[in-house]
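For the record, in the sequence shown the residue sitting at position 20 is 29 according to the working numbering, with numbers rising by one throughout.
Following: one structure in structure tokens, then a few remarks.
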Amino acid sequence: LLAISQRLGVQIMAPNKKINILLIGNHSAGKSSLINWYIEDNVQRTGGPATLHLFPYLHPLSNIHGLLNYLTTEISSSKQRKFPMVTFIDTPGLVDGQMAYPFDVDQAILWFGHHVDLIFVLFDPIGQALCKRTLNLVEKLNKFNPEKMHYYLAKADEAGTDRDRHRVLMQIVQNLCRQPEISKTSFDMPTIYLPDLAKVNEEKSRY
10 LLAISQRLGV QIMAPNKKIN ILLIGNHSAG KSSLINWYIE DNVQRTGGPA TLHLFPYLHP
70 LSNIHGLLNY LTTEISSSKQ RKFPMVTFID TPGLVDGQMA YPFDVDQAIL WFGHHVDLIF
130 VLFDPIGQAL CKRTLNLVEK LNKFNPEKMH YYLAKADEAG TDRDRHRVLM QIVQNLCRQP
190 EISKTSFDMP TIYLPDLAKV NEEKSRY
């Protein structure tokens, strides 16, 4: 397949037994917490060079100045929730303003967007869809990979009552639909939360 694609001038990924899922969202949207809850296991961290050795298809990322210093792989032997069939790709939390990233975050996320199977966009009740950097990236990803996009309201237990949660969802959808490329497609936005963290927050609120 790779040989045929090269002759045709089309870029494709080598067949993979795992589903690659890219997680993006605002700062503190719950991306890393979702992964930790999913695998229920401690992980072993490796650096950039080892990551490229484990995943040779990531070599093009070395062309993004400064990225390899922040590229790591966390390996887990967990078998929870069919984890052996999944690879999660976590990304830096996105913020607006004068925040300076040590590498071109937008370029890296867009590259991953073209090479993964699914893209999960997480919003939270506090940040909602107010981060312009997140909205711009989501619009670009949606333009070229609309079939991969899935949107979620994370930390739904922190949104208050059902009425409050509904209002937050409406505000997020309204902001998303202001982006021309996103407004062309219809989408749903399930609400999710992590049960263990929800119990901790509930206990804290009692004291």
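We put the CB at the ideal spot given by N, CA and C, even for glycine.
Here the structure is a predicted model, which is why all the values come from computation and not from measurement.
Straight-line measurement puts the Cα of Leu70 at about 20 Å from the Cα of Gly18.
If you draw a 10 Å sphere on the C-beta of Gly122, you find 16 or more other C-beta atoms in it, and that means buried. By the neighbour-count definition (other C-beta atoms within 10 Å, threshold 16), Tyr66 is an exposed residue.
Residue environment for Pro189: exposed (fewer than 16 other C-beta atoms within 10 angstroms of its C-beta). For Met158, DSSP records a beta bridge to Ile128. If you ignore the 5 residues before and after Ile44, its C-beta comes within less than 8 Å of the C-beta of Leu32, Phe97, Asp99, all in its own chain and listed in chain order. With distances taken between CA atoms, Ser42 lies nearest to Asp133 out of Asp133, Val177, Met158, Tyr160. Residues of the same chain with a CB within less than 7 Å of the CB of Arg176, apart from the 5 flanking positions on each side, do not exist. Between Ile181 and Asp173, the alpha-carbon positions lie close to 12 Å from each other. Counting C-beta pairs closer than 8 Å gives three or more between the segment 103-110 and the segment 131-146, which meets the contact rule. For the pair Ala109 and Thr200, the Cα-to-Cα distance works out to about 31 Å.
In this chain, the alpha helix (DSSP H) harbouring Glu148 covers 141-153.
Rounded to whole angstroms, Arg187 and Glu156 show a C-alpha spacing of 19 Å. For Asn29, the uninterrupted beta strand (DSSP E) run begins and ends at 28-34, by DSSP. Excluding the 5 residues flanking it on each side, Asp50 has same chain C-beta neighbours closer than 6 Å at Ser85, Ser87, in chain order.
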